[in-house]
Every structure is written in C-alpha cells, then in structure tokens.
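If you're matching positions, the sequence shown starts at 172 in the working numbering and goes up one per residue.
Glycine included, each C-beta is placed from N, C-alpha and C at the ideal position.
Being a predicted model, the structure only gives us computed values, none of them experimental.
Right, one structure below, let's go through it.
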Amino acid sequence: MSRLAKKNENVSSSILTVAEAAQTKILFVCMGNICRSPSAKAVFDGMIKAAGLQGLIQADSAGTHAFHIGEPADARAVSAASRRGYDMSTHVARKVELTDFQAYDYILAMDWDNLSLLQRMAPRGLQHKLQLLMRFATEFEAATIGDPYHGGAQGFETALDYIEDACTGLMEVVRRRASMVAAA
172 MSRLAKKNEN VSSSILTVAE AAQTKILFVC MGNICRSPSA KAVFDGMIKA
222 AGLQGLIQAD SAGTHAFHIG EPADARAVSA ASRRGYDMST HVARKVELTD
272 FQAYDYILAM DWDNLSLLQR MAPRGLQHKL QLLMRFATEF EAATIGDPYH
322 GGAQGFETAL DYIEDACTGL MEVVRRRASM VAAA
C-alpha cells in the first residue's frame, strides 16, 4: 500500500471516528427491556427519522435485569406501538453493560428503581449521565413511567402517552445539542 493510500485510509478512519464521536447517544432503560425501554427507543427512533437526524442521534435500550435477554419485545408493547406507527419488530432484549456508561451521553431510566440500580452500577464520574426519562416531559407531571407488564392493554397505552411526551421534550434538548456540535 502506498504512503498516500495509507494516509487517506487513516484520514478516513479519523473522519469516521470524529463523526461517531459527534453523535448524541441515548440509552433507554427499564427492568427487563421488553416493554417500556424498547417502546421509548421505537418512539425516539421515529422522531429521529422524522427530524432527519439519523446521523447525529443514536438510540438504544437495555434492561437492569437479565430476565429476558435475547427475547423480543412483549407482544402487547409491540401491538400498542404498532397502532401508533412505531416499529419494534427487530428488538432483542439485552441487559445494561458496564461499557454502556461510557458509550452513551444520556442513560434514561423509566422509574426510580431502575435509576437507583443504574446509580449503583455506574462507574465513578459517569453518574451525571443518569436521569429519569420523564424529566423531559412537557405535558404529564408524573415522575416515572409505570411498568405495564402485569397490567392490561391500557397500561401500555398510558406508558406510550408518557413516553411520547417525554421523548418530545428530549428531542428538543438533543436537537439543540446536535446543532451546537454541527456548528463547531
């Protein structure tokens, strides 16, 4: 390989690294990663696409417990999300990993229990990334999003109402951050 080709390859690698570093990365977290957090990811992915920000914002989801690793999202969550135009068909549940605390800019819990677990798991110096998703809500005053797993269909609808509200507020915050990064 010529020195010029090698230099161009290194420059391309650097550009990809800079582009990846410029992304705002969000991790939504619930207990089992089959209801609320994958719903939040699906809602936020829809907002990212609608805003044309696919290259600047990345979302994922995980659970604080390993109950459902490798499983798809709960069928009731998928159905509720689908009725609103969100796609959860490719979701595979996973557990929060130690590397997630470094990799994500925002780690957003659905409730106090999950936030508390995340606070205990987070390496020193990275706890500032942890928040409740409902902190970004603009319509609903609830502090948390209740787990609909043991309830009926209405629980999934209510969870989605809260998630859509909070994700709308979150998108405004992230959009401002993305525009500042793009301007820099």
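Residue-level contact to chain C via CB, residue i, 7 Å cutoff
i, result
"Ala248", "Going by chain labels, chain C is absent from the structure shown, which holds only one protein chain."
Supposed contact pair residue j and residue i - C-beta distance, whole angstroms, cut 8 Å
i, j, result
"Ile334", "Ala211", "5 Å"
"Ala264", "Ile240", "6 Å"
"Ala308", "Asp336", "5 Å"
"Val267", "Leu289", "7 Å"
Span of the alpha helix (DSSP H) around residue i
i, result
"Phe215", "207-222"
Opposing strand residues paired with residue i [DSSP bridges]
i, result
"Tyr277", "Ile197"
"Leu303", "Ala280"
Same chain, Cβ closer than 7 Å to residue i, five either side skipped, listed in chain order
i, result
"Lys196", "Gln229, Ala274, Tyr275, Asp276"
"Arg174", "With a pLDDT of 45 at Arg174, under the threshold of 50, the modelled position of that residue is not reliable, and no figure is offered here."
"Gln225", "Ile219"
Same chain, Cβ closer than 6 Å to residue i, five either side skipped, listed in chain order
i, result
"Met342", "Met218"
"Phe199", "Ser208, Ala211, Lys212, Ser232, Leu279"
Segment limits, beta strand (DSSP E) that includes residue i
i, result
"Ala248", "From DSSP, Ala248 is part of no beta strand (DSSP E) but of the alpha helix (DSSP H) over 246-254."
"Gly234", "228-234"
Close beta carbons around residue i, own chain, < 8 Å, minus the five adjacent residues each side
i, result
"Ser183", "Residue placement at Ser183 cannot be trusted, given a pLDDT of 39 that sits under 50; the coordinates are not used to answer."
"Lys300", "Phe272, Tyr275, Asp276, Tyr277, Ile278, Ala293"
Candidates the options: closest to residue i by CA position
i, options, result
"Pro319", "Gln194, Ala193, Gly203", "Gly203"
"Gly340", "Leu269, Phe215, Lys220", "Phe215"
"Cys201", "Leu304, Gly322, Val344, Glu310", "Leu304"
"Glu242", "Gly322, His262, Leu288", "His262"
"Glu312", "Phe327, Ser250, Leu297, Asp332", "Asp332"
"Glu327", "Ala193, Gly234, Phe238, Arg255", "The residue asked about is misnamed: residue 327 is Phe in this sequence, not Glu. It is Arg255."
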